[in-house]
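K.L.:
The following block contains the structure, expressed as structure tokens.
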Amino acid sequence: MTFLNFLISGISLGSIYAIIALGYTMVYGIAKMLNFAHGDVIMVGAYICFYAISRFELPPLVGILLAMIVCMLLGIIIERLAYKPLRSAPSLAVLITAIGVSYFLQNAALLLWTPNPKVFPSVVGDGKVELFGGQLTISHVTIVTIVACVAIMIFLTVFTESTKMGKAMRACSEDKGAAQLMGINVNATISITFAIGSGLAAIAGALLCSAYPTLIPTTGSMPGIKAFTAAVFGGIGSIPGALLGGLLLGVIEIFAKAYISTQLSDAIVFAVLIIVLLVKPAGLLGKQIREKV
Amino acid sequence: MKKKFLGLLLAASMVLTLAACSNSAGTTSSNAANPNPGAQSTAGSAPENTPTGAAFKIGGTGPLTGANAIYGNAVKNAAEIAVDEINAMGGIQFELRFEDDVSDPEKAINAYNVLKDWGMQLSMGSVTSKPCEVTAVETYADRIFALTPSASSAAVLEGKDNQFQICFIDPNQGTAAAQYIADKKLGTKIAVIWKNDDVYSKGIYETFMKKAGELGLEVVSDTTFADGNDTDFSVQLADAQSNGADLIFLPMYYQPASLIFAQANAMGYAPKYFGVDGMDGILSMDGFDAALAENVMMITPFSATSTDERTASFVKKYQEQFGEIPNQFAADAYDCIYAYKQALVNAGATADMSAKEICELMIEQFTTMSFDGLTGSGMTWDASGAVTKVPTGVVIKDGVYVSLD
Numbered sequence: 000m001t002f003l004n005f006l007i008s009g010i011s012l013g014s015i016y017a018i019i020a021l022g023y024t025m026v027y028g029i030a031k032m033l034n035f036a037h038g039d040v041i042m043v044g045a046y047i048c049f050y051a052i053s054r055f056e057l058p059p060l061v062g063i064l065l066a067m068i069v070c071m072l073l074g075i076i077i078e079r080l081a082y083k084p085l086r087s088a089p090s091l092a093v094l095i096t097a098i099g100v101s102y103f104l105q106n107a108a109l110l111l112w113t114p115n116p117k118v119f120p121s122v123v124g125d126g127k128v129e130l131f132g133g134q135l136t137i138s139h140v141t142i143v144t145i146v147a148c149v150a151i152m153i154f155l156t157v158f159t160e161s162t163k164m165g166k167a168m169r170a171c172s173e174d175k176g177a178a179q180l181m182g183i184n185v186n187a188t189i190s191i192t193f194a195i196g197s198g199l200a201a202i203a204g205a206l207l208c209s210a211y212p213t214l215i216p217t218t219g220s221m222p223g224i225k226a227f228t229a230a231v232f233g234g235i236g237s238i239p240g241a242l243l244g245g246l247l248l249g250v251i252e253i254f255a256k257a258y259i260s261t262q263l264s265d266a267i268v269f270a271v272l273i274i275v276l277l278v279k280p281a282g283l284l285g286k287q288i289r290e291k292v
Numbered sequence: 000m001k002k003k004f005l006g007l008l009l010a011a012s013m014v015l016t017l018a019a020c021s022n023s024a025g026t027t028s029s030n031a032a033n034p035n036p037g038a039q040s041t042a043g044s045a046p047e048n049t050p051t052g053a054a055f056k057i058g059g060t061g062p063l064t065g066a067n068a069i070y071g072n073a074v075k076n077a078a079e080i081a082v083d084e085i086n087a088m089g090g091i092q093f094e095l096r097f098e099d100d101v102s103d104p105e106k107a108i109n110a111y112n113v114l115k116d117w118g119m120q121l122s123m124g125s126v127t128s129k130p131c132e133v134t135a136v137e138t139y140a141d142r143i144f145a146l147t148p149s150a151s152s153a154a155v156l157e158g159k160d161n162q163f164q165i166c167f168i169d170p171n172q173g174t175a176a177a178q179y180i181a182d183k184k185l186g187t188k189i190a191v192i193w194k195n196d197d198v199y200s201k202g203i204y205e206t207f208m209k210k211a212g213e214l215g216l217e218v219v220s221d222t223t224f225a226d227g228n229d230t231d232f233s234v235q236l237a238d239a240q241s242n243g244a245d246l247i248f249l250p251m252y253y254q255p256a257s258l259i260f261a262q263a264n265a266m267g268y269a270p271k272y273f274g275v276d277g278m279d280g281i282l283s284m285d286g287f288d289a290a291l292a293e294n295v296m297m298i299t300p301f302s303a304t305s306t307d308e309r310t311a312s313f314v315k316k317y318q319e320q321f322g323e324i325p326n327q328f329a330a331d332a333y334d335c336i337y338a339y340k341q342a343l344v345n346a347g348a349t350a351d352m353s354a355k356e357i358c359e360l361m362i363e364q365f366t367t368m369s370f371d372g373l374t375g376s377g378m379t380w381d382a383s384g385a386v387t388k389v390p391t392g393v394v395i396k397d398g399v400y401v402s403l404d
């Protein structure tokens, strides 16, 4: 029974990583860039949601929608100002810029919202489901997060596979130049990719802070890095891979803490990551892309 | 393309410098708020690194922004109140400058260098332990006397004759906590959750375990967490629960503690909690449900609800100026400034002395004098710089601290 309890803790932590990783992987899959500011967009989303719910007393769903809209706009603005001018620059330059954007967002949040921690009101309430006479408990947040993860995964897969915009995105991801020649507006497509990624970040922010309710300007950075790890683990660019990677990372982390050592848990998580990458360099579900000569 | 990139870079750097400006504006405004015209006029015109002769220059660093800003701001605010009070009395005059270090050792060194260039004669060290360990090395090398209000790790003092603390040294907190739990029979089976990448937490943990062993306290669960791994405590709590712990000792800051309370509550696990001075501040978290911290105990030398006349007047002033109830860090900082005043008056020091001369006088004073402050009466210091004062236990009832005794 304790094993099952740990498994549930692992899944609830993992589902948070997964929902963040979905945003990472989707932007990477299309725009081929690592948006390290993703974690901080999550933080902004969480703050917007926090103020909407606890200051203006809006219903949680409205709060999340508002946060999504703000984050989508923020995503488009960041892309326009920071990434678009670097479209033809080496990918390293874009990576550094992303880190810069991340610091910018954190410090802007410090100025705007002060460093004092805020306690986030859960958007799904603090109810829980009890099984086996209360021996197993699953919180509503966990259930909602997992359902949201699966829903987002299906939405993203269907969207990129069968809509016109999705096809344009895949075309951009394969070859920007060729896509442009075929009459696809590459800039608009990438902007929409960022808008969707940032909208997902807002949902992730609300759920992250519902599960672990302390909200500070650096709230998004560490989960962001863990989620990035999860995305690499599952195969960056692969949407189901992000879900699988996130869940596995959470479960491994909790099991390492529970059965090996609380002191070494992070070391164990990253050791597993290294082993997986040595055996399968593209990650669990990643596609091996052969360099064409 | 290149032009655009340059333009962007320029814009970014401008924004960053703007942010920096607003920061330093925040710190210098403390001087502007100083009601004493003499101290104020010397601020701009004094040549660097020489005493102005009008006021003693006290400098300190602490996190005014970042995750631990609540501590840095408490110290800065309370020190300002004390400086304003002393300057208004006439006699000895102080000039205070407080720099942001974001609780980061590297930034603390930069902040320290700024203060040194400004001509700091007396230092308040740094507010948090890690930065203070590095600034203490500098103040020791530069022979500037430092009295930190709150950096409690043992390494701050080790091997340095001019470093002193107002707060308890970490090892003493661990010992005092174990002693307190044993004396009051607060728990029979004890769990400890500590942060293994933090000197503050580790220092208290080690002495707590040693003392608990001596006193025969049974520690049934011993788990850790670290930066980046500090959101999910289900494993630690499950371990404590399955081992039947009825009291959890939490040598940590209040932020992770707030998550622990919430998660234990969600699990339906309700042990007693015992914290240390880092727990102070939990009640001022925005949106925190104080019911979660109900009955949480901690040892702290300061209680804002005390009826003591000086404490009451300080709490009132702090509330008027900053809109919140001062925590223990604020009281420590207030004491720090008054301890300086007493030592300087006793020693007959004058503001035109060099930092080095003052340093020798202060070492002599602090090792011999006894000081009555908000955080204890009859405080004394030994040559190592550690303070001796009596800790009191407080417990949170209905969202306020109440004395345990």
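Residue numbers (numbering that gives the first Met the number 0), protein chains in the order written: chain R, 0 to 292; chain L, 0 to 404.
Think of the CB as a built atom: it goes at the ideal place given N, C-alpha and C, for glycine as much as any other residue.
Only a predicted model underlies this, so the values are computations on that prediction, with no experimental measurement involved.
1) When you compare the CB of I63 (chain R) with every CB in chain L, is at least one pair closer than 8 Å?
2) Could you have a look at T391 (chain L) and say whether DSSP puts it in helix, strand or coil?
3) Looking at the structure shown, is L214 (chain R) part of a helix, part of a strand, or coil, going by DSSP?
4) DSSP on Y339 (chain L), reduced to helix/strand/coil?
5) Count the C-beta pairs between the segment 369-386 of chain L and the segment 330-342 of chain L that are closer than 8 Å, then say yes if the count reaches three, no if not.
6) Enumerate, from N- to C-terminal direction, the unbroken alpha helix (DSSP H) stretches of 4 or more residues contained entirely within the segment 224-296 of chain L.
7) What three-state label does DSSP hand K316 (chain L) in the structure shown?
8) What span of residues does the alpha helix (DSSP H) with S353 (chain L) cover, start to end?
9) Does the beta-carbon distance from V122 (chain R) to P59 (chain R) come in below 8 Å?
10) For the structure I just gave you, are there three or more beta carbon pairs, one from the segment 283-299 of chain L and one from the segment 319-336 of chain L, closer than 8 Å?
11) Could you give the C-beta distance for G234 (chain R) and L283 (chain R), rounded to a whole number, given that I count them as a contact under 8 Å?
12) Which term fits Y46 (chain R), buried or exposed, when burial requires 16 or more other beta carbons within 10 angstroms of its beta carbon?
13) Determine the closest residue to D83 (chain L) out of L:I57, L:T206, L:E217 and L:G65, with distance taken between C-alpha atoms.
14) Looking at the structure shown, is E405 (chain L) part of a helix, part of a strand, or coil, going by DSSP?
15) I need the DSSP call for Q164 (chain L), collapsed to helix, strand or coil.
16) Listed in chain order, which residues of the segment 252-271 of chain R have Cβ atoms closer than 7 Å to some Cβ of chain L?
17) Got a sec: is the Cβ-Cβ distance from L347 (chain R) to anything in chain L below 8 Å?
18) Measuring straight from C-alpha to C-alpha, what distance separates G377 (chain L) and A225 (chain L)?
19) Quick one: is M168 (chain R) buried, meaning 16 or more other Cβ sit within 10 Å of its Cβ, or exposed?
20) Straight-line CA distance for I215 (chain R) to D279 (chain L)?
21) Ends of the beta strand (DSSP E) at I189 (chain L)?
22) The alpha helix (DSSP H) that contains L272 (chain R), what's its start and end?
23) Rank R:A205, R:S220, R:T218 and R:A226 by C-alpha distance to the C-alpha of M67 (chain R) and give the top, closest one.
24) Between L:I69, L:S149, L:M88 and L:L114, which lies nearest to A354 (chain L) when the distance is taken from Cα to Cα?
25) So N184 (chain R) and K83 (chain R) are in contact, right, with Cβ under 8 Å, and what is the actual spacing, rounded?
26) Taking the straight line between their C-alpha atoms, what separation do you get for Y50 (chain R) and G62 (chain R)?
27) Kindly list, in the order they appear in chain L, the residues whose Cβ is closer than 7 Å to that of D125 (chain R).
28) Touch check for the segment 164-183 of chain L and the segment 141-153 of chain L: three-plus C-beta pairs under 8 Å?
29) Taking the Cβ atom as the reference point for each residue, do F295 (chain R) and L272 (chain R) lie within a distance shorter than 8 Å?
30) Excluding five sequence neighbours on each side, which residues of the same chain lie with their C-beta closer than 7 Å to the C-beta of I357 (chain L)?
P.N.:
Reading it off the structure:
1) Locating residue 63 (chain R) in the first sequence gives position 64, counting from the first residue. Answer no: the Cβ-Cβ gap between I63 (chain R) and chain L never drops below 8 Å.
2) Numbered from 1 along the second sequence, position 392 holds the residue referred to as residue 391 (chain L). It is a strand residue.
3) Within the first sequence, the letter at position 215 stands for residue 214 (chain R). Of the three classes helix, strand and coil, the one that applies to L214 (chain R) here is strand, per DSSP.
4) Counting from 1 along the second sequence, the entry for residue 339 (chain L) is found at position 340. Here Y339 (chain L) sits in helix by DSSP.
5) yes
6) 233-241 and 253-266
7) As a first step, residue 316 (chain L) must be located in the second sequence, where it is residue number 317. Helix, per DSSP.
8) For this step, residue 353 (chain L) is matched to residue 354 along the second sequence. Looking at the DSSP string, S353 (chain L) is not in any alpha helix (DSSP H), and its letter there is neither H nor E.
9) Position 123 of the first sequence holds residue 122 (chain R). Position 60 of the first sequence holds residue 59 (chain R). Result yes, Cβ atoms of V122 (chain R) and P59 (chain R) sit closer than 8 Å.
10) Counting Cβ pairs under 8 Å, three or more are found: they touch.
11) The residue you call residue 234 (chain R) lines up with position 235 of the first sequence. The residue you call residue 283 (chain R) lines up with position 284 of the first sequence. Right, the Cβ-Cβ distance comes to about 6 Å (below 8 Å), so this counts as a contact.
12) On the first sequence, residue 46 (chain R) is found 47 positions in, with the first residue counted as 1. So Y46 (chain R) ends up on the buried side.
13) To locate residue 83 (chain L), count along the second sequence from 1; it is residue 84. Comparing Cα positions, the closest option is L:I57.
14) Look at the range of chain L in this structure, 0 to 404, and you will see that residue 405 (chain L) is not part of it.
15) As a working mapping, residue 164 (chain L) is identified with position 165 in the second sequence. Q164 (chain L): strand per DSSP, three-state reduction.
16) Listed by position, the residues of the segment 252-271 of chain R near chain L (Cβ gap below 7 Å) are I253, K256, A257, T261, Q262, S264 and D265.
17) Absent from the structure is residue 347 (chain R), since the part of chain R shown begins at 0 and ends at 292.
18) Counting from one through the second sequence, the residue named residue 377 (chain L) turns up at place 378. Counting from one through the second sequence, the residue named residue 225 (chain L) turns up at place 226. Cα to Cα, G377 (chain L) sits roughly 38 Å from A225 (chain L).
19) As a first step, residue 168 (chain R) must be located in the first sequence, where it is residue number 169. Label assigned to M168 (chain R): buried.
20) Stepping through the first sequence from its first residue, residue 215 (chain R) is reached at position 216. Stepping through the second sequence from its first residue, residue 279 (chain L) is reached at position 280. Roughly 18 Å separates the two Cα atoms.
21) Taking the first residue of the second sequence as position 1, residue 189 (chain L) is located at position 190. Looking at the DSSP string, the run of the beta strand (DSSP E) that includes I189 (chain L) is K188 to K194.
22) Here residue 272 (chain R) is taken as the residue at index 273 of the first sequence, counted from 1. Where L272 (chain R) is concerned, the enclosing alpha helix (DSSP H) stretches over S264 to V278.
23) Numbered from its first residue, the first sequence carries residue 67 (chain R) at position 68. Residue R:A205 is the option with its Cα nearest to M67 (chain R).
24) For this step, residue 354 (chain L) is matched to residue 355 along the second sequence. The candidate whose alpha carbon is nearest that of A354 (chain L) is L:L114.
25) Along the first sequence, read from residue 1 onward, the residue named residue 184 (chain R) stands at position 185. Along the first sequence, read from residue 1 onward, the residue named residue 83 (chain R) stands at position 84. With a Cβ gap of about 13 Å, N184 (chain R) and K83 (chain R) do not count as contacting.
26) The sequence position of residue 50 (chain R) within the first sequence is 51, counting from 1. The sequence position of residue 62 (chain R) within the first sequence is 63, counting from 1. Using only the alpha carbons, I get a separation of about 8 Å.
27) To locate residue 125 (chain R), count along the first sequence from 1; it is residue 126. Using a Cβ-Cβ cut-off of 7 Å, D125 (chain R) is close to A265 of chain L, given in chain order.
28) yes
29) Residue 295 (chain R) cannot be examined here, being either before or after the span of chain R that is shown, 0 to 292.
30) Position 358 of the second sequence, counting from 1, holds the residue named residue 357 (chain L). The answer, listed in chain order, is Q120, L121, F144 and A348.
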